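The sequence shown: position 171 = 170 (numbering that gives the first Met the number 0), numbered continuously. Where is the CB? At the ideal position from N, CA and C, for every residue including glycine. This one's a predicted model, so the numbers in the text were calculated from it and none came from an experiment.
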Amino acid sequence: MTQIHMGGASADLLRPFVIPTDRALLVGLSGGIGSGKSSVATAFASLGAVVADADAIAREVVEPGSVGLRRIEEVFGDAILNDDGTLNRGALAQQVFTDASARKTLEAITHPLIAERSRQILSTAQPGNIALYDVPLLTEQHMHNQFDAVMMVDVPLDMRLSRLQARGMTIDEARKRIASQANSDERRAICHIWITNTGSLVDLQRLVATVHAQWLTNSGTTGSSTGR
Numbered sequence: 000m001t002q003i004h005m006g007g008a009s010a011d012l013l014r015p016f017v018i019p020t021d022r023a024l025l026v027g028l029s030g031g032i033g034s035g036k037s038s039v040a041t042a043f044a045s046l047g048a049v050v051a052d053a054d055a056i057a058r059e060v061v062e063p064g065s066v067g068l069r070r071i072e073e074v075f076g077d078a079i080l081n082d083d084g085t086l087n088r089g090a091l092a093q094q095v096f097t098d099a100s101a102r103k104t105l106e107a108i109t110h111p112l113i114a115e116r117s118r119q120i121l122s123t124a125q126p127g128n129i130a131l132y133d134v135p136l137l138t139e140q141h142m143h144n145q146f147d148a149v150m151m152v153d154v155p156l157d158m159r160l161s162r163l164q165a166r167g168m169t170i171d172e173a174r175k176r177i178a179s180q181a182n183s184d185e186r187r188a189i190c191h192i193w194i195t196n197t198g199s200l201v202d203l204q205r206l207v208a209t210v211h212a213q214w215l216t217n218s219g220t221t222g223s224s225t226g227r
């Protein structure tokens with residue numbers, strides 16, 4: 000593939016990559032908030048790809064009774080717990096997001112747990128299949144070298160702002176969230192497949208189905224590169 004169009008959705012190959020034949024193709028999926036990244040992940044999952052969602056795993060590793068929550072309580076105290084024993088995210092945020100040292104301590108607890116759980120999920124993908132890791136901050140955390148290919152999802156700023164407002168954010172909150180993340184140029188610099196998501200959900204699903212089919216076809220060819 001070099002470029003695929005499906006209505007208002009398109010996929011551009013920015014740089015080639017090799018599809019392995021002895022294991023699943025490992026893809027890192029990312030994109031700015033409001034880009035439609037989760038819809039891409041859902042579409043791949045519906046086609047049989049093994050998908051690990053970093054946000055969902057981050058919640059899982061701090062559920063009541065988990066090692067993660069126990070370690071967080073040991074460090075930050077029981078004030079970060081709700082009455083029912085669940086994590087009080089607001090209380091924890093007050094402690095860590097104004098204190099860089101505390102934030103690093105929290106990340107030292109949660110990041111290894113998230114990484115291990117994601118590896119467990121992705122390792123279940125068989126050779127010839129796709130293992131896709133949905134990571135919001137892939138660019139910011141310099142994770143791109145961990146994957147065979149990196150896929151980014153993008154939409155124009157006005158569409159992102161509109162979607163975030165529909166989620167209940169004010170325009171100022173939405174702009175701040177977007178500004179806190181990597182920009183398009185930074186994402187393009189590490190990206191193999193660039194998805195432009197300006198069409199309907201059906202357009203996006205059809206696009207993903209086409210990309211998915213091409214990858215599975217090429218996975219049977221030794222050393223296959225998508226640049227051909």
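Which value, in whole angstroms, describes the spacing of the CA atoms of residue 98 and residue 180? To locate residue 98, count along the sequence shown from 1; it is residue 99. To locate residue 180, count along the sequence shown from 1; it is residue 181. In this structure, the alpha-carbon of residue 98 lies about 19 Å from that of residue 180.
Short of 8 Å in beta carbon distance, which residues of its chain neighbour residue 5, apart from the five on each side in sequence? Order them along the chain. Position 6 of the sequence shown, counted from the first residue, corresponds to residue 5. Cβ neighbours of residue 5 beyond the five flanking positions: 198, 202, 203, 205, 206 and 209.
Going by C-alpha to C-alpha distance, which of 10, 104 and 214 sits closest to residue 74? On the sequence shown, position 75 is the one that residue 74 refers to. Closest by alpha carbon: 104.
Check whether residue 40 and residue 171 have beta carbons under 8 Å apart: Locating residue 40 in the sequence shown gives position 41, where the first residue counts as 1. Locating residue 171 in the sequence shown gives position 172, where the first residue counts as 1. One thing to note: residue 40 has its Cβ no nearer than 8 Å to the Cβ of residue 171.
Is residue 187 close to chain C, meaning its C-beta is less than 8 Å from at least one C-beta of that chain? Absence of chain C from the displayed structure is noted, only one protein chain being present.
Rounded to the nearest angstrom, what separates residue 297 and residue 150 at their Cα positions? Because the chain is modelled from 0 through 227, residue 297 falls outside the range shown and cannot be assessed.
Anyone know if the C-beta pair for residue 86 and residue 112 falls short of 8 Å? Residue numbering aside, residue 86 sits at position 87 when the sequence shown is read from its first letter. Residue numbering aside, residue 112 sits at position 113 when the sequence shown is read from its first letter. Contact: no.
How should residue 166 be labelled, buried or exposed, when 16 other C-beta atoms within 10 angstroms of its C-beta is the threshold for buried? Translated into positions along the sequence shown, residue 166 becomes position 167. Exposed, since its Cβ has fewer than 16 Cβ neighbours within 10 Å.
Closer than 8 Å by C-beta to residue 283: which residues in its own chain qualify, once you throw out the five before and the five after it? Chain order, please. Residue 283 lies beyond the stretch modelled for the chain, which goes from 0 to 227, so this question has no answer here.
What's the call for residue 175, buried or exposed, on a 16-neighbour Cβ count within 10 Å? Working through the sequence shown from its first residue, we reach residue 175 at position 176. Under this definition residue 175 is an exposed residue.
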